[in-house]
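Novice: Protein chains in written order, with this note's numbering: chain A, 115 to 319; chain B, 160 to 560.
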């Protein structure tokens with residue numbers, strides 16, 4: 115990464131799912147690995163259950179750009195059903211990763227589709243992993259920490275150990291189950307093959 | 160355990176670095192200043208300043224009181240009372256809350272009380288808007304408070320501590336201003352100075368007068384035409400004295416931490432044919448724009464204005480004299496006139512000899528939280544470089560037609 119390069123991330127979730135905490139865990143982890151970081155929530159009022167977003171900028175020099183993130187390199191989606199109501203790939207850069215909390219390879223439990231386009235798609239069933247590790251409640255598992263583990267795997271921006279250290283710092287008493295969930299998601303994430311040249315050409319047409 | 164808790168627990172450890180939001184950083188500044196009385200009323204986007212202070216108190220209490228109140232007017236009244244009794248007092252607010260304090264802002268400054276207040280810039284209603292612009296704080300321009308505008312979370316923390324030192328030296332209250340969300344809710348690495356270091360930089364408050372039942376004084380009595388003007392002239396003089404005293408505080412802080420900010424901050428203004436003037440986080444983004452333009456051979460620079468009141472006339476004149484074009488970006492407007500930084504800077508430069516007086520270009524943008532993108536800043540630079548003379552009317556950029 116050149117000193118003036120910036121890497122931008124966007125996290126989609128629902129109010130109460132912990133998208134902002136996920137961004138802070140990524141920030142802590144990246145900071146531990148020597149990045150300069152800047153993270154911020156969608157500016158506005160949050161309502162439980164409504165779509166929300168959080169953003170991160172990483173770089174190897176101090177980050178002075180204080181504008182919003184419009185063209186993220188990678189996107190993380192905490193709830194695959196959001197794909198139907200939110201344009202989760204808006205501005206997403208070609209070849210960027212889109213990591214979804216998603217029960218299947220082709221469609222979510224509710225039939226929601228995977229995004230189609232010149233991106234790399236990774237899925238992980240973070241809901242089940244979080245439930246197995248007793249994170250949140252069995253009816254409403256909290257997936258932000260498991261998704262952070264999966265994110266470390268697909269983007270290789272930060273190590274899983276740094277993610278676990280960040281979880282420990284941010285969460286305290288309940289850290290160990292969250293760390294186990296993050297490590298399980300790191301191992302479980304599945305990756306769909308990169309898009310074809312035809313898809314990329316369509317993008318640049 | 161949250162990041163503030165973890166840091167508080169470290170107590171006297173040497174400087175450590177945490178990922179903190181602007182509001183958390185400002186709260187750390189108040190905590191490290193060991194404020195003795197806090198009174199505040201919640202308002203978005205300020206609320207997490209006071210919440211963070213409450214968390215810090217929960218984890219590591221220090222001798223202090225929180226005074227619950229029913230409005231911002233009462234919060235300022237409580238801070239005034241506490242400060243008159245000799246305490247180091249702190250509050251934070253935004254927008255409508257600051258507007259509601261207005262009457263008592265005059266009271267605090269004319270009573271020469273060294274309060275420090277964090278104002279998180281938020282646009283004024285109607286219609287309701289919780290996002291950033293500077294009209295709330297700039298509407299308090301003439302209340303006799305010093306005002307400083309921050310561009311990073313580190314600066315928010317440092318400035319609160321610096322502000323207590325200067326306020327208590329010149330007996331003038333200080334407003335430390337942060338952009339809503341762009342700083343207040345944005346997290347980045349912040350180095351925490353050790354409590355020992357802050358104690359060495361900021362001695363305990365030693366007020367020349369105080370409310371004391373053992374030694375009664377009268378405060379706020381009738382001030383007739385025989386004396387009122389002289390008392391106000393002293394406040395004005397105190398403001399002017401605050402400029403070099405602020406400079407001393409910067410040098411001392413720099414000796415402790417290696418960090419200094421100063422009243423105005425030039426960036427790549429050497430040989431510049433055009434200098435952009437900006438404040439707060441817009442100035443931060445503008446540095447990237449200046450670097451990009453310099454890389455293309457454009458002779459442009461940036462002057463960031465941090466100290467708005469008192470006006471650092473000499474520093475402004477020194478930085479901008481002889482520059483052919485000066486373009487001021489305002490995230491605020493004085494309706495029917497111009498952007499407020501624009502009019503102030505233009506006024507400060509009027510006394511320069513005509514041949515050294517820059518052509519002045521003013522741009523208004525970013526009201527109510529509209530993003531001030533690099534494209535918007537580039538637009539201001541481009542318009543300025545493409546014209547020999549400023550357009551007479553206020554020029555809006557980034558505005559929908």
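A virtual CB, placed ideally from N, CA and C, is assigned to each residue, including glycine.
Here the structure is a predicted model, which is why all the values come from computation and not from measurement.
Taking 6 Å as the limit between beta carbons, can you name the residues of its chain near residue 222/A, skipping five residues before and five after?
Specialist: Residue mapping note: residue 222/A aligns to position 108 of the first chain, counting from 1. Residue placement at residue 222/A cannot be trusted, given a pLDDT of 48 that sits under 50; what the coordinates show is reported in the next sentence. Here the set comprises 194, 216.
Novice: Would you say residue 555/B reaches chain A, if we count a Cβ-Cβ gap shorter than 8 Å as a contact?
Specialist: Residue numbering aside, residue 555/B sits at position 396 when the second chain is read from its first letter. Residue 555/B does not count as touching chain A.
Novice: Hey, how far is the Cα of residue 353/B from the Cα of residue 215/B?
Specialist: One-based indexing of the second chain puts residue 353/B at position 194. One-based indexing of the second chain puts residue 215/B at position 56. In a straight line, the C-alpha of residue 353/B is about 15 Å away from that of residue 215/B.
Novice: Give the residues of chain B in contact with residue 126/A, contact being defined as C-beta atoms less than 7 Å apart.
Specialist: Position 12 of the first chain, counted from the first residue, corresponds to residue 126/A. Going along chain B, no residue has its Cβ under 7 Å from residue 126/A, so there is no contact; the nearest lies around 18 Å.
Novice: Which residues share a DSSP beta bridge with residue 304/A?
Specialist: Residue mapping note: residue 304/A aligns to position 190 of the first chain, counting from 1. According to DSSP, residue 304/A bridges with 237/A.
Novice: Quick check: is the beta carbon of residue 181/A nearer than 8 Å to any beta carbon in chain B?
Specialist: As a position in the first chain, residue 181/A is number 67, starting the count at 1. So yes, residue 181/A belongs to the interface.
Novice: Can you find a CB in chain B that lies within less than 8 Å of the CB of residue 166/A?
Specialist: Position 52 of the first chain, counted from the first residue, corresponds to residue 166/A. Taking Cβ atoms only, chain B never reaches closer than 8 Å to residue 166/A, which makes this a no.
Novice: Given that residue 141/A touches chain B, what residues does it touch there, using C-beta distances under 9 Å?
Specialist: Sequence index remark: in the first chain, residue 141/A carries index 27 (1-based). Residues of chain B passing the Cβ test: 178, 346, 347, 348.
Novice: Excluding the 5 residues flanking residue 203/A on each side, which residues of the same chain have their C-beta closer than 8 Å to its C-beta?
Specialist: Here residue 203/A refers to the residue found at position 89 of the first chain. Excluding positions up to five away in sequence, the list reads 189, 212, 229, 231, 233.
Novice: Consult DSSP for residue 430/B and reduce its assignment to one of helix, strand or coil.
Specialist: Stepping through the second chain from its first residue, residue 430/B is reached at position 271. In the structure shown, residue 430/B sits in coil (DSSP, three-state: anything other than H, G, I, E or B).
Novice: Quick one: which residues of the region 309-340 of chain B get their C-beta closer than 9 Å to a C-beta of chain A? List them in chain order.
Specialist: From the region 309-340 of chain B, only 310, 311, 338, 339, 340 have a Cβ closer than 9 Å to chain A.
Novice: Can you check which of these residues, 335/B, 426/B, 289/B, 200/B, is closest to residue 313/B by C-alpha distance?
Specialist: As a position in the second chain, residue 313/B is number 154, starting the count at 1. The residue with the shortest Cα to Cα distance from residue 313/B is 335/B.
Novice: For residue 622/B and residue 290/A, I'd like the C-alpha separation in whole angstroms.
Specialist: In the structure as shown, chain B starts at 160 and stops at 560, and residue 622/B therefore has no counterpart that could be examined.
Novice: Taking all protein chains shown into account, decide if residue 505/B is buried (16 or more other Cβ within 10 angstroms of its Cβ) or exposed.
Specialist: Your numbering for residue 505/B matches position 346 in the second chain. Buried: at least 16 other Cβ atoms inside 10 Å.
Novice: Measuring straight from C-alpha to C-alpha, what distance separates residue 298/A and residue 205/A?
Specialist: Looking up residue 298/A in the first chain gives position 184. Looking up residue 205/A in the first chain gives position 91. Rounded to whole angstroms, residue 298/A to residue 205/A spans 30 Å at the Cα level.
Novice: What is the DSSP secondary structure of residue 387/B, counted as helix, strand or coil?
Specialist: In the second chain, the residue the question calls residue 387/B occupies position 228. Looking at residue 387/B - three-state DSSP - the assignment turns out to be helix.
Novice: Residue 308/B lies in the beta strand (DSSP E); which residues open and close that run?
Specialist: Here residue 308/B refers to the residue found at position 149 when the second chain is read from its first residue. Looking at the DSSP string, the run of the beta strand (DSSP E) that includes residue 308/B is 305-308.
Novice: Between the alpha carbons of residue 263/B and residue 379/B, how many angstroms are there, rounded?
Specialist: Here residue 263/B refers to the residue found at position 104 of the second chain. Here residue 379/B refers to the residue found at position 220 of the second chain. Distance between the alpha carbons of residue 263/B and residue 379/B: 12 Å.
Novice: Quick one: any contact between the region 268-281 of chain B and the region 327-344 of chain B, if contact means 3 or more CB pairs under 8 Å?
Specialist: Counting Cβ pairs under 8 Å, three or more are found: they touch.
Novice: Give a yes or no on whether the minimum CB-CB distance between residue 532/B and chain A is below 8 Å.
Specialist: The sequence position of residue 532/B within the second chain is 373, counting from 1. Closer than 8 Å to some Cβ of chain A, the Cβ of residue 532/B qualifies, so yes.
Novice: What number of angstroms, rounded off, separates the C-alpha of residue 272/A from the C-alpha of residue 421/B?
Specialist: Position 158 of the first chain, counted from the start, is the residue given in the question as residue 272/A. Position 262 of the second chain, counted from the start, is the residue given in the question as residue 421/B. One C-alpha to the other measures close to 36 Å.
Novice: In chain order, what residues of the same chain have a beta carbon less than 6 Å from the beta carbon of residue 117/A, not counting five sequence neighbours either side?
Specialist: Stepping through the first chain from its first residue, residue 117/A is reached at position 3. The residues are 174, 175.
Novice: Which of the three DSSP states is assigned to residue 257/A in this structure?
Specialist: Taking the first residue of the first chain as position 1, residue 257/A is located at position 143. Here residue 257/A sits in coil by DSSP.
Novice: With DSSP collapsed to three states, give me the class of residue 221/B.
Specialist: Here residue 221/B refers to the residue found at position 62 when the second chain is read from its first residue. Coil.
Novice: Verify whether the separation of the beta carbon atoms of residue 444/B and residue 201/A is less than 8 Å.
Specialist: For this step, residue 444/B is matched to residue 285 along the second chain. For this step, residue 201/A is matched to residue 87 along the first chain. For residue 444/B and residue 201/A, no; Cβs fall outside 8 Å.
Novice: Check residue 466/B in the structure and name its three-state DSSP category.
Specialist: Working through the second chain from its first residue, we reach residue 466/B at position 307. Looking at residue 466/B - three-state DSSP - the assignment turns out to be strand.
Novice: Would residue 274/B and residue 332/B be called neighbours here (beta carbons separated by less than 8 Å)?
Specialist: As a first step, residue 274/B is located in the second chain; it is residue number 115 there, counting from the start. As a first step, residue 332/B is located in the second chain; it is residue number 173 there, counting from the start. Going by C-beta atoms, residue 274/B is nearer than 8 Å to residue 332/B.
Novice: Quick check on residue 543/B - is its C-beta less than 8 Å from some C-beta in chain A?
Specialist: As a working note, residue 543/B is residue 384 in the second chain. It does not: the Cβ of residue 543/B has no partner Cβ on chain A nearer than 8 Å.
Novice: Using the three-state DSSP reduction, which class does residue 546/B fall into: helix, strand or coil?
Specialist: Position 387 of the second chain, counted from the start, is the residue given in the question as residue 546/B. Looking at residue 546/B - three-state DSSP - the assignment turns out to be coil, as it is neither helix nor strand.
Novice: Please name the residue or residues paired with residue 211/A in a DSSP beta bridge.
Specialist: Locating residue 211/A in the first chain gives position 97, where the first residue counts as 1. Answer is 234/A, bridged to residue 211/A.
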